[in-house]
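Chemist: For the sequence shown, our numbering assigns the number 75 to the initial residue and increments by one for each residue that follows.
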Amino acid sequence: MKVAKFGGSSVANATQIRKVGEIIKSDSDRKFIVVSAPGKRYKDDTKITDLLINLEKDFRTNNQYENILNTIMSRFDEIIQELQISPTILDGIQEDFLSILNQQPFNSDALKSIGEDSSAKIVSSYLNSIGIKAHYINPKTAGILVSDEPGNAQILPESFNQIYKLREIDGVLVIPGFFGYTVDGKLVTFSRGGSDITGSIIAAGIQATLYENFTDVDSVYSVNPNIVKNPKEIKTLTYKEMRELSYAGFSVFHDEALIPAFKRGIPVTIKNTNNPHLPGTSVVATKEEKNKCVVGIASDTGFSTLYVSKYLMNRELGFGRKLFEILEDENISFEHAPSGIDDLSVIIRERQFTSDNEKKVIERINYELHPDTVSIKHGLALIMIVGEGMMNTIGIAQKATNALTSVNVNIKMINQGSSDVSMMFGIEASDLETAIQSLYKAFFED
Ligand code: ASP
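1) Report yes if the C-beta of residue 267 is less than 6 angstroms from at least one heavy atom of the ligand ASP; otherwise report no.
2) Looking at the unbroken beta strand (DSSP E) that takes in residue 383, where does it start and where does it end?
3) Flag residue 433 as yes when its Cβ comes closer than 6 angstroms to any non-hydrogen atom of the ligand ASP, and as no otherwise.
4) When you compare the CB positions of residue 220 and residue 262, do they come within less than 7 angstroms of one another, or not?
5) Does DSSP put residue 284 in a helix, in a strand, or in coil?
6) Which one of 105, 350, 203 has the shortest CA to CA distance from residue 244?
7) Residue ranges of each alpha helix (DSSP H) run of no fewer than 4 residues wholly in the stretch 386-445, ordered along the chain?
8) Rounded to a whole number of angstroms, what is the C-alpha to C-alpha distance between residue 89 and residue 398?
9) Following a CB-centred definition, is residue 123 positioned closer than 6 angstroms to any heavy atom of the ligand ASP?
10) Starting from residue 502, follow the beta strand (DSSP E) in both directions and report where the run begins and ends.
11) Does the ligand ASP have a heavy atom nearer than 6 angstroms to the CB of residue 106?
12) Verify the contact flag: residue 225, CB atom, against every heavy atom of the ligand ASP, threshold strictly below 6 angstroms.
13) Quick one: what does DSSP say residue 471 is sitting in, helix, strand or coil?
14) Buried or exposed: which applies to residue 374, given that a residue is buried once 16 or more other Cβ atoms fall within 10 Å of its Cβ?
15) DSSP on residue 295, reduced to helix/strand/coil?
16) Terminal residues of the continuous alpha helix (DSSP H) containing residue 147?
17) Since residue 294 and residue 326 should fall inside the 8 angstroms C-beta cutoff, what is the C-beta to C-beta distance between them, to a whole number of angstroms?
18) With a Cβ-Cβ cutoff of 7 angstroms, do residue 432 and residue 452 count as a contact?
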């Protein structure tokens, strides 16, 4: 039994949903289907989930949300009409909106979930209309129990036994991605892009033979195709490599989606709904081809560095703990923390800072830790070179630094410390494209 998850672009309109129908029809093992909300139909289009988030803002600020609601409803209407399925689904979506908007207390995650929920009802009805016996299954019925962390839920371990029971239900099961329920029955969503997580949870729960993740690219590429034209495709990569690459900027697969499948050893394939005959990219536990040690180069902008230096920091017991406690008090999480004898740099996502909390962090560090220097600098980009076997290969760091030097890019930070599959470079965000192009050339072309 396979789990097939279809992302936003695969269910963006009726044409795409018909392709989904063909894919399901062509393999009777595809019994568990997880869907996203309709995504972008063209480059400047807006995803349904983004429209729902905008609707919430309008609803909260002035209670005027009719315009956005009409836009959302007409998108669903168009899909339903073009697929020639029952118009009662549209009435149901309208009713869901009214009940969620009138619910006290208002649950914004429930509003966000309408995209996925409606998408699953539409796909299920369409499958029946083309002769595939299918049922819509709500995540509560499926047994997806999550923590009460709105917009950032985590799966509870007791879910998996419950999910296993879905195997007994006859026909194809269509499950909306992106959300689950707390033990008290409250709807909570995963973080953005979280339908990948649902797919992985279902695959782990039903002990699938394969988790197929259908998206709109032929494979995972070794580098961002917006920076390097026609980069090399990655045929196979390990869970560890995929997680590092996703976390560091590859947007094709959610970085939290691998763990459930990985823990139960379920292979994952990333495929294109528009070219389903192509093999795509496989994510596996171990790969034989060890000699190609660097598989991908990920990058992302929007980081800040909190730099603290103090002579004899290495001897001061509790210095690090106190520093991280200050960040914790301000609700700031960190990404990396490379350190020296007398210095510590903490890399933080820029969006976590406001002028208020930034000032407060600096003041508290000065007052409580008496450093020689403390500063926060913005505009940092991180590059992650990823590959298993990299740490046993001589010359990787030299190759990378040569590539950066050759295009005059100043390296602000290097971290190879803790992970055995990645090496990180911090550079000025304005240098990013040049740096990536040069690194790509060094590792994949020369
Ligand atoms: N629709 C949600 C989002 O846009 C979840 C997903 O598509 O995976 O974040």
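Every residue gets a Cβ at the ideal spot worked out from N, C-alpha and C, and that includes glycine. Only a predicted model underlies this, so the values are computations on that prediction, with no experimental measurement involved.
Modeler: According to the structure shown:
1) yes
2) 370-383
3) no
4) Residue 262 is positioned such that its CB atom lies closer than 7 angstroms to that of residue 220.
5) strand
6) Check the Cα spacing between residue 244 and each of 105, 350, 203: the tightest is with 105.
7) For the stretch 386-445, the continuous alpha helix (DSSP H) assignments of 4+ residues that do not extend past its boundaries occur at 393-403, 429-443, in sequence order.
8) 51 angstroms
9) Yes.
10) 496-502
11) no
12) no
13) helix
14) Under this definition residue 374 is a buried residue.
15) strand
16) Residues 140-157.
17) 5 angstroms
18) no
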